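Note that the protein sequences, when read in sequence, are chains A and B.
Residue numbers for the first sequence follow numbering that gives the first Met the number 0, beginning at 0 and rising by one.
Residue numbers for the second sequence follow numbering that gives the first Met the number 0, beginning at 0 and rising by one.
Report on the following structure.
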Amino acid sequence: MNQISRRGFLGTTTAAAGLALAGCGGGSDGSKPAAKLTGNRTGAMDKYAVGDQFKATVPLSFSIMHLSNANYPYKADWTFWSELTKRTNVTLQPTVIPQSDYNQKRSVMVSAGNAPTLIPKTYHPDEEAYIAGGAILPVSDYLELMPNFQAKVAKWNLNGDLDQYRQSDGKFYVLPGLHEDVWKDYSLAIRTDILKQLNLDVPQTWDDLTTVLRAMKKAYPDRYPFSDRWSTPPQPGANNLLAVLGEAYGVWAGWNYQHANWNATTGKFEYTGATDQYKQVLQYLNTLVSEKLLDPESFTQSDDAARQKFADGKSFVISANAQELVNHYRKDIAKISGATVVKIPVPIGPIGAAKTGIRLENGLMISSKAKSGKDFVALMQFVDWLWYSDAGQMFAKWGIEGTTYTGSVDDGSFKLTPDVTWAGINPSGTKNLQVDFGFSNGVFAYGGSTKLLDSQFPPEELEFQKVMGARKTLPLPPAAPLSSDDREQATLWQTALKDYVNQQTLKFILGQRPLSEWNAYVSELKGKNSDQFISLVNKAYQDFKKNHG
Amino acid sequence: MVTLNPPGSPQQATRGRTRIQTTRGYRVFQVCNALILTAVVVVTLYPFVNIVAQSFSSESAITSGHVNVLPKGFNLTTYKKVMSDSAFWQNYRNTVVYTVVATGISMVLTTCYAYVLSKRHLKGRKVLIAIAMFTMFFNGGLIPNYVLVSDLGLRNTIWAIVLPNAVSVFNLLVMKAFFESMPAELEEAAAVDGLSTYGTLARVVLPLSKAVLATMVLFYAVSFWNSWFSAFLYMDRSDLFPVTVYLRNLIAGASGGTDQSAASDTALQIASNIQAVTIVLTVIPILTIYPFIQRYFVKGVMLGAVKG
């Protein structure tokens, strides 16, 4: 361990020195690194622009880490591979890694200097571990080679989102999946037959939800109408409920918890667990618990226990996503006659009909060795086409027109061909889009326009998406990337703070500690360095704004 | 072959019973003993029987927690799915090959090393022991090992799995203790009759060491059978994976289950008992071999330990 961190330190210093030099170089002749790539154009297209089909001028091959998903394990004879080569003149050489331990093998291969050129399926901030060693390319320096990427960022106004991925040097090291809009899946599921029976409407706001729960309680005084799940530690419990409720109040909570919350009024970050909004969230839940509307076990019970209560009709409301609703809840309640359940649009809170979230997804790192390769420009063009062009995204997700699908997603005429099945579409189809063809593979297919995303949903989920899509997307907080030294210090503080916030969150909600002690709690947080942590973040924000804003 | 009867062995007990009238206290002790041991058997056997039952049960019975000793809603979907996959059999074959080759190599190396170390007159014996012991407490670490194996060109070959773990120091020491306990006179007699060192080892020592050899084979075979990490690390092609890597991935996929929208009934059934099915399938070969080696196993471990 010591050895590695010492090496890491050396790496950091070298990288920092290198960056300083690179910075000077860039400053002196005023050109970007991408402009100098005259000796690296083998196979590259001279005029490659948005809308063009990338095709290497000579056959090329690139190595790639390939995550072998257990549900559609890697096959060398997938149509995906052969069609990709046909269209782009590029052959991919995969290093196959089982999904179960992908990250570990990635770490070993990158650290040992043995990594393939393309390293997909990297979730921010995993890439940060490799930056100091210099093993991965600062891809943001080479965006000029990627017209489709740039076009999407401009069209969907993604610069604020990308800032979240930037390091304190102003660069980002992973090419993320780009989404047109924030995609929401998690919400609450409600027994609609009970609503009907009690003559209630689907709750639109969190206050409506309280009213509905009260009415349910009145009709069924012997049970808790709401018993929740997703309480895996280390979060406080009922992690989805806290997350969606927090979002409605404009604060990070539950499994979305982040320590720094942006206050647009003051232009500064605040410690999340000490904000007024966080207090209001706790207050709301405390009311539900004290009126016996929300099962106190919601915060500790296993998912199975919560599901069981819902299945037995002992509760009527539970956290949900599309998959849980269809795969479990509907089947669970089938034995109760007349029972029906839907996933309701996320109830609206004080911030109004809005949603927050980042529009980036896991993405691709590129080995820094690739830069010296003769075919580097072609590599970047290839990546740009496959992951960021409309045609490339359509190909990776739905395959080949006429073979696996017909129609177009833009006019809604899209359909899988009848013998091709995927995730519940065409259940009688004999060939599986993922297993037999290699399309819709998580390594290649993600991101894209809302229309492309919607093409995969059944009508019911599409309704939900329509409601959520109509809500305004709030801007993300500004970027405040910590330097690697600061990050180490911050992590130490965060660990202690998080434990304490979780523990006290639960006490406030369950009424074990009265909310009148809120101020005492805030000063206890200060005793655990919340102030120092926040000033570190605010300083990082100021620095980033000054240097790269 | 000289065998000692440890106190409490069946022979002694039988002899005891013929001489001494069993007292009331002893009978109470026996009843308690039987009860406690039966409880131990139940406690150790139940989880296994439960897993077997789960592997044959339906999804609804498993998620509602109704499966105990007998399967509920008999169902073979997951077995069919796992066993109809050609990759599963390919990887199963890999496991068998890796285990057999690795165990063979390990046995040869460990036996030779242990035999040498058991000779007290050997010069530098302590250094040789120290070298072996050193590796018990220190190693190069993950990444240096990976770099070493890569640079030796062993990646994507069976040797990456077989060679780095060929000698287990624990097994080596057990074996050394066993050889040390062997009467020196036997070997002297063999030497007088004209056998060379290798002759003595092959014709006198090894035939007398079946107990420890069987134990070591079992130890090595089980550990190679169960191992997945070095294969996962050094193999870049899925056709080289052992079945453990395959199953590990299957379990991860089934329990992860975050893959977009609705899964089919089959997928749900598989997710619910894939773990049970895989445990049963991987454990079967070991279970079938174990009873035949077990009698050596008990003796071998004890002999090594008593004298060590």
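We put the beta carbon where it would ideally sit given N, CA and C, even for glycine.
Treat the numbers as computed from the prediction; the structure is a model and nothing was measured.
Extent of the continuous alpha helix (DSSP H) to which residue i belongs
i      : result
A/V560 : This structure cannot settle anything about residue 560 of chain A, because the visible part of chain A is limited to 0 through 548.
A/W397 : 389 to 397
A/P458 : 458 to 469
A/N102 : 101 to 110
B/K175 : 168 to 180
A/K624 : The structure shown does not extend to residue 624 of chain A, since chain A spans only 0 to 548, so no value can be given for it.
A/A214 : 205 to 218
Nearest-angstrom Cα separation, counted from residue j out to residue i
i      : j      : result
B/A33  : B/V242 : 40 angstroms
A/L136 : A/E400 : 35 angstroms
A/V340 : A/L199 : 14 angstroms
A/D467 : A/K354 : Checking the sequence shown, residue 467 of chain A turns out to be Met, not Asp. Distance between the alpha carbons of A/M467 and A/K354 is about 8 angstroms.
A/Y270 : B/R154 : 49 angstroms
A/P115 : A/A252 : 38 angstroms
B/L315 : A/P97  : Lying outside 0 to 307, the shown extent of chain B, residue 315 of chain B is not represented and no answer is given.
A/N361 : A/G176 : 6 angstroms
A/E66  : A/V95  : Checking the sequence shown, residue 66 of chain A turns out to be Leu, not Glu. Approximately 6 angstroms between the Cα atoms of the pair.
B/F55  : B/Q268 : 11 angstroms
A/F53  : A/S139 : 21 angstroms
A/E143 : A/R40  : 14 angstroms
A/S62  : A/L117 : 6 angstroms
A/F381 : A/S60  : 11 angstroms
B/T110 : B/T156 : 25 angstroms
A/K267 : A/G526 : 21 angstroms
A/Q502 : A/P220 : 30 angstroms
A/Q531 : A/K414 : 55 angstroms
B/F28  : B/A38  : 15 angstroms
Range of the contiguous beta strand (DSSP E) that encloses residue i
i      : result
A/M364 : 359 to 365
A/S67  : 59 to 67
A/P146 : No beta strand (DSSP E) holds A/P146; the alpha helix (DSSP H) holding it covers 146 to 154.
A/Q92  : 89 to 97
A/Y164 : Neither: A/Y164 is in no beta strand (DSSP E) and is coded neither H nor E.
7 angstroms Cβ cutoff met for residue i and residue j
i      : j      : result
A/S371 : A/A134 : no
A/V419 : A/T403 : yes
A/K55  : A/N88  : According to the sequence displayed, residue 55 of chain A carries Ala and not Lys. Yes, Cβ-Cβ distance for A/A55 and A/N88 is below 7 angstroms.
A/R228 : A/A128 : no
A/R470 : A/A352 : yes
A/A69  : B/N248 : yes
B/V168 : B/T134 : yes
A/Y540 : A/A479 : yes
A/I317 : A/A188 : yes
A/S230 : A/T286 : no
B/N170 : B/M215 : yes
A/L293 : A/F375 : no
B/I160 : B/Y97  : yes
A/L524 : A/A273 : yes
A/H178 : A/Q493 : no
A/P349 : A/Y248 : yes
B/V244 : B/A230 : yes
A/A377 : A/G42  : yes
B/A251 : A/S99  : yes
Anticipated Cβ contact below 8 angstroms, residue i with residue j, distance rounded
i      : j      : result
A/V181 : A/T504 : Wrong, their Cβ atoms sit about 25 angstroms apart, outside the cutoff.
B/N272 : B/Q89  : At roughly 23 angstroms, the Cβ-Cβ gap does not stay under 8 angstroms, so B/N272 and B/Q89 are not in contact.
A/N537 : A/D383 : A/N537 to A/D383, Cβ: 36 angstroms. No contact.
A/T84  : A/T78  : Incorrect: roughly 11 angstroms between the Cβ atoms, too far for contact.
A/L241 : A/P232 : Actually they are not in contact, since the Cβ atoms of A/L241 and A/P232 sit about 13 angstroms apart, beyond 8 angstroms.
A/W205 : A/Y283 : 7 angstroms
B/T62  : B/F223 : With 8 angstroms as the limit, B/T62 and B/F223 do not qualify as a contact, their Cβ atoms being about 35 angstroms apart.
A/M364 : A/Y172 : 6 angstroms
A/F463 : A/K342 : 6 angstroms
B/S237 : A/P72  : 7 angstroms
Neighbour flag for residue i against chain D, beta carbons, 7 angstroms
i      : result
B/F133 : This model lacks chain D altogether, as its protein chains are A and B.
Taking contact to mean 3 or more Cβ pairs, one atom from each stretch, closer than 8 angstroms, check whether the segment 389 to 397 of chain A and the segment 433 to 453 of chain A are in contact.
yes
Three or more C-beta pairs closer than 8 angstroms, one from the segment 484 to 497 of chain A and one from the segment 426 to 438 of chain A: is that the case here?
no
Does the segment 178 to 187 of chain B come within contact of the segment 124 to 141 of chain B, defined as at least 3 CB pairs closer than 8 angstroms?
no
Does the segment 301 to 310 of chain A come close enough to the segment 156 to 173 of chain A that 3 or more CB-CB pairs lie under 8 angstroms?
no
Using 8 angstroms as the Cβ pair cut-off and three pairs as the minimum, do the segment 133 to 147 of chain B and the segment 99 to 117 of chain A touch?
yes
Counting Cβ pairs, one atom from each stretch, are 3 or more of them under 8 angstroms apart for the segment 197 to 211 of chain B and the segment 165 to 177 of chain B?
yes
Is the segment 75 to 85 of chain B close to the segment 273 to 285 of chain B, with three or more CB pairs under 8 angstroms?
yes
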